[in-house]
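In my numbering, the protein residues as written are 33 to 161.
Put into C-alpha cells, the structure is as follows:
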C-alpha cells in the first residue's frame, strides 16, 4: 500500500509513536536547507550557548512541513514520550512533534540575533521566509 493510500485511511486509524531524545534531529525536513547547512546552524547555536528550547525554535522553523499530529490528523494518535528536557515541556521534546508550536518565524530570527550568529547562518533567508 502506498503512503498516499495510508493517508486517505487515517480518518479510521489509530497511530502510535515513541518519542525520545534526538527525535527532532532525525525527523525534521529542512525547507531549501541542506543537511550540512542545518548542521552548521545547530553547531553555531550550541557554541553560542543557546538553550534546547531556542535550538528547537530555530529547528522547527526550518522544517518544510510539520510532523506528528498535524500529519496524522484526523486519526487518533497515542504517544509515549520519554523526556530529556528539563521541565518536560511537550513543545520542546523532539521539537514538539506532537504539540502545537508556540513559536513563530520571528522568534527563530530573534534567537539567531540574540546569540549574534545570524550573519554566520548559511541559509538565513530560509528562516525569514
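All residues carry an ideal CB built from backbone N, CA and C; glycine is no exception.
>> Whole angstroms are fine: how far does the CA of residue 130 sit from the CA of residue 49?
In response: As a position in the chain shown, residue 49 is number 17, starting the count at 1. As a position in the chain shown, residue 130 is number 98, starting the count at 1. Those two C-alpha atoms are separated by around 10 Å.
>> Suppose the cutoff is 6 Å on Cβ atoms and the five residues either side in sequence are ignored; what does the same chain contact list for residue 89 look like?
In response: Here the question's residue 89 lines up with position 57 in the chain shown. Apart from sequence neighbours up to five positions away, the residues of its chain that approach residue 89 with a beta-carbon distance below 6 Å are 135, 139, 140 and 143, ordered along the chain.
> When the Cα atoms are used, what is the spatial distance from residue 119 to residue 125?
Replying inline: Position 87 of the chain shown, counting from 1, holds the residue named residue 119. Position 93 of the chain shown, counting from 1, holds the residue named residue 125. Spanning the two alpha carbons is a distance of roughly 10 Å.
>> Under DSSP, the alpha helix (DSSP H) around residue 143 begins and ends at which residues?
In response: Taking the chain shown and counting its residues from 1, the one referred to as residue 143 is at position 111. Where residue 143 is concerned, the enclosing alpha helix (DSSP H) stretches over 137-146.
> What's the gap between the Cα of residue 72 and the Cα of residue 109?
Replying inline: The residue you call residue 72 lines up with position 40 of the chain shown. The residue you call residue 109 lines up with position 77 of the chain shown. Rounded to the nearest whole angstrom, the C-alpha separation of residue 72 and residue 109 is 33 Å.
> Between residue 69 and residue 153, what straight-line distance do the alpha-carbon atoms span, to the nearest angstrom?
Replying inline: For the purposes of this step, residue 69 is identified with residue 37 of the chain shown, where counting begins at 1. For the purposes of this step, residue 153 is identified with residue 121 of the chain shown, where counting begins at 1. Residue 69 and residue 153: Cα-Cα distance of roughly 8 Å.
>> At the level of alpha carbons, what is the spacing between residue 137 and residue 45?
In response: As a first step, residue 137 is located in the chain shown; it is residue number 105 there, counting from the start. As a first step, residue 45 is located in the chain shown; it is residue number 13 there, counting from the start. Between residue 137 and residue 45, the C-alpha separation is close to 32 Å.
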